[in-house]
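J.: One structure coming up, written as structure tokens, with questions to follow.
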Amino acid sequence: MSLFIKIVDKNNYKELINLKVTKEQENFIETVETCLKEAREYSVWKPVGIYDGAKPIGFAMYGLFLDEGENGRVWLDRFLISYKEQGKGYGKAGIKLLINNLYEEYGYDEIYLSVYKSNDKAIKLYKDLGFQFNDEVDVNGEKIMVINLNEKGRDND
Numbered sequence: 001m002s003l004f005i006k007i008v009d010k011n012n013y014k015e016l017i018n019l020k021v022t023k024e025q026e027n028f029i030e031t032v033e034t035c036l037k038e039a040r041e042y043s044v045w046k047p048v049g050i051y052d053g054a055k056p057i058g059f060a061m062y063g064l065f066l067d068e069g070e071n072g073r074v075w076l077d078r079f080l081i082s083y084k085e086q087g088k089g090y091g092k093a094g095i096k097l098l099i100n101n102l103y104e105e106y107g108y109d110e111i112y113l114s115v116y117k118s119n120d121k122a123i124k125l126y127k128d129l130g131f132q133f134n135d136e137v138d139v140n141g142e143k144i145m146v147i148n149l150n151e152k153g154r155d156n157d
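Using full-length UniProt numbering, the first residue of the sequence shown is number 1, and each one after it goes up by one.
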């Protein structure tokens, strides 16, 4: 496994909008195309493709929101692995890669995400990596989780 992330641009846009999740997961996350539309409308979002070598296997979108909390919050707002690539360890490896990248890019010790309470697989993955619920709920009714890298460590092992 040789994972890396790449900012979405005109060269990789088409291959990334073709990434799909399972039918059951469609209720939990927007399509890549919808995410990219949101990123165009709100420039704080950074959409990225997740690659294993030359093959696109996933997508994520993150950003720093300075209007939240005391000093702002870094959000990993969207994360998906293509249904064709699930069950191969890409989810855990992809989140670890993103956590390290977010720390390097922004320097914040806390990273936030939100998840539907019925998305058991995602919750298990996030908990396994050190995310914890913080008793907050976002505007869409999703429960908010946070990882503190001072407590967990950036390698997340």
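Ideal Cβ positions, reconstructed from N, Cα and C, are used throughout, including at glycine. Source: prediction; values computed, not measured.
(1) Just list the beta strand (DSSP E) runs in the UniProt domain "N-acetyltransferase" (5-150), keeping only unbroken ones of 3 residues or longer that don't cross its boundaries, in chain order.
(2) Can you check whether the CB of aspartate 52 is closer than 8 Å to the CB of leucine 3?
(3) Take valine 74 and list the residues in its own chain whose beta-carbon comes closer than 6 Å to its own, dropping the five residues that flank it on each side.
(4) Considering Cα atoms alone, identify which of Lys96, Ala122, Lys14, Glu24 is closest to leucine 36.
(5) Does the structure place the stretch 41-49 close enough to the stretch 120-135 that three or more beta carbon pairs sit under 8 Å?
(6) For lysine 23, which option in Asp138, Leu113, Lys84 has the closest C-alpha, if you only look at C-alpha atoms?
(7) Distance check for lysine 55 and asparagine 140, CA to CA, integer angstroms please.
(8) Report buried or exposed for leucine 97, applying the criterion of at least 16 other Cβ atoms within 10 angstroms of its Cβ.
(9) Can you tell which of Val48, Val137, Lys143 has its C-alpha closest to the C-alpha of isoleucine 123?
(10) Measuring straight from C-alpha to C-alpha, what distance separates tyrosine 90 and lysine 117?
(11) Classify glycine 49 as buried or exposed, calling it buried when 16 or more other Cβ atoms lie within 10 Å of its own Cβ.
(12) Since lysine 92 and leucine 125 are thought to touch, with beta carbons under 8 Å apart, how far apart are those beta carbons, to the nearest angstrom?
(13) Taking the alpha carbon of glutamate 33 as the reference point, which residue from Leu16, Gln25, Val21 has its own alpha carbon closest?
(14) Grab me the residues of aspartate 138's own chain with a C-beta within less than 7 Å of its C-beta, minus the 5 sequence neighbours each way, in chain order.
T.: With the structure as the only source:
(1) Those beta strand (DSSP E) runs which fall completely within the UniProt domain "N-acetyltransferase" (5-150) and span 3+ residues are 46-52, 55-65, 73-81, 110-115, 132-137, 143-148.
(2) Here residue 3 refers to the residue found at position 3 of the sequence shown. Here residue 52 refers to the residue found at position 52 of the sequence shown. Result yes, Cβ atoms of leucine 3 and aspartate 52 sit closer than 8 Å.
(3) Your numbering for residue 74 matches position 74 in the sequence shown. Within the same chain, valine 74 has close Cβ partners Leu64, Leu102, Tyr106, Tyr108, Ile111.
(4) For the purposes of this step, residue 36 is taken as residue 36 along the sequence shown, with counting starting at 1. The candidate whose alpha carbon is nearest that of leucine 36 is Lys14.
(5) With fewer than three CB-CB distances shorter than 8 Å, the stretch 120-135 does not count as touching the stretch 41-49.
(6) Position 23 of the sequence shown, counted from the start, is the residue given in the question as residue 23. Proximity to lysine 23 across Asp138, Leu113, Lys84 peaks at Lys84, based on C-alpha coordinates.
(7) Taking the first residue of the sequence shown as position 1, residue 140 is located at position 140. Taking the first residue of the sequence shown as position 1, residue 55 is located at position 55. Distance between the alpha carbons of asparagine 140 and lysine 55 is about 32 Å.
(8) Walking along the sequence shown from the start, residue 97 turns up at place 97. It counts as buried.
(9) On the sequence shown, residue 123 is found 123 positions in, with the first residue counted as 1. Here the closest residue by C-alpha is Lys143.
(10) Working through the sequence shown from its first residue, we reach residue 90 at position 90. Working through the sequence shown from its first residue, we reach residue 117 at position 117. Going from the Cα of tyrosine 90 to the Cα of lysine 117 covers about 22 Å.
(11) For the purposes of this step, residue 49 is identified with residue 49 of the sequence shown, where counting begins at 1. In summary, glycine 49 is buried, with 16 or more beta-carbon neighbours lying within 10 Å of its beta-carbon over all protein chains present.
(12) Along the sequence shown, read from residue 1 onward, the residue named residue 92 stands at position 92. Along the sequence shown, read from residue 1 onward, the residue named residue 125 stands at position 125. With a Cβ gap of about 6 Å, lysine 92 and leucine 125 count as contacting.
(13) As a working note, residue 33 is residue 33 in the sequence shown. The candidate whose alpha carbon is nearest that of glutamate 33 is Leu16.
(14) Numbered from its first residue, the sequence shown carries residue 138 at position 138. Answer for aspartate 138: Ser114, Ile144, listed in chain order.
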